[in-house]
Amino acid sequence: MSPSTTRVPRRHAPLLAAAGQLALIIVGVYLGLWAEEWRERRRDAELTRASLVAFREEVQRNRGELARNLAYHREVSDRLADVWKRHVASGQALSFAVLRSESGYDGTRFADCTTSAYDLALATQSLHDVSVSLALDLSRAYEHQRVLNRYQEQVAADLLGAAPDARGDWTRTAYVLAEGIAETRNHEIALIAQYDDLLRHLRR
Numbered sequence: 006m007s008p009s010t011t012r013v014p015r016r017h018a019p020l021l022a023a024a025g026q027l028a029l030i031i032v033g034v035y036l037g038l039w040a041e042e043w044r045e046r047r048r049d050a051e052l053t054r055a056s057l058v059a060f061r062e063e064v065q066r067n068r069g070e071l072a073r074n075l076a077y078h079r080e081v082s083d084r085l086a087d088v089w090k091r092h093v094a095s096g097q098a099l100s101f102a103v104l105r106s107e108s109g110y111d112g113t114r115f116a117d118c119t120t121s122a123y124d125l126a127l128a129t130q131s132l133h134d135v136s137v138s139l140a141l142d143l144s145r146a147y148e149h150q151r152v153l154n155r156y157q158e159q160v161a162a163d164l165l166g167a168a169p170d171a172r173g174d175w176t177r178t179a180y181v182l183a184e185g186i187a188e189t190r191n192h193e194i195a196l197i198a199q200y201d202d203l204l205r206h207l208r209r
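Counted the way our numbering counts, the sequence shown spans residues 6 to 209.
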């Protein structure tokens with residue numbers, strides 16, 4: 006009898022059938038795990054892309070808010086400093102009407118930089134797929150935003166404590182405004198530069 010016509014003994018047939026079934030099960034489990042891992046990777050990639058789009062839109066919005074106020078803050082902070090220095094030197098009371106007319110002051114115009122995209126990215130852990138350098142730049146920029154927001158809140162609190170005196174003298178208020186807006190201006194200049202670097206990365 007030739008080798009090609011040799012038959013497996015019947016007592017081995019159940020073992021071969023069981024081995025075949027086991028092999029199919031193993032292959033099925035492997036393919037299932039691979040498919041699940043592929044779906045997870047795809048979900049992570051889509052989540053990362055969505056987060057980067059959200060970052061780009063939020064950074065552009067925050068930059069626009071700061072840029073709209075920067076020219077005003079540059080001009081009015083210097084004028085406020087001149088006003089309070091002149092009135093301190095002269096000893097004359099400064100009325101609010103004169104403060105406004107001489108400095109061009111028309112409100113603090115503090116921007117509220119939002120952090121929604123960053124907060125969401127942390128909650129969904131979607132930053133682990135971005136480069137370390139980009140993640141660090143995002144973290145620094147958003148921390149700078151929080152510093153600016155806290156500083157502006159402090160300026161608002163200081164203004165309450167710098168109310169005009171019994172003579173209606175607004176000189177102390179002019180000082181707090183001049184210092185607060187000048188420091189805000191410096192933060193805005195630095196943050197806009199950070200935003201520009203971020204946007205160059207995020208647009209790639």
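Cβ coordinates follow ideal geometry from the N, Cα and C atoms, glycine included.
On a predicted model such as this, the values are computed, not experimentally measured, just so you know.
The residues A183, in chain order, have a CB closer than 6 Å to that of A86 in the same chain once the five nearest residues on each side in sequence are set aside. By the beta-carbon neighbour count (other beta carbons within 10 angstroms, threshold 16), E158 is exposed. V160 carries a helical assignment under DSSP once its states are collapsed to helix, strand and coil. One thing to note: E63 has its Cβ no nearer than 8 Å to the Cβ of T129. In this structure, Q199 lies away from R151, with their beta-carbon atoms at least 8 Å apart. The continuous alpha helix (DSSP H) containing S121 extends over residues 121-129. Contact between the segment 69-84 and the segment 133-148 is absent: fewer than 3 CB-CB pairs across the two stretches fall below 8 Å.
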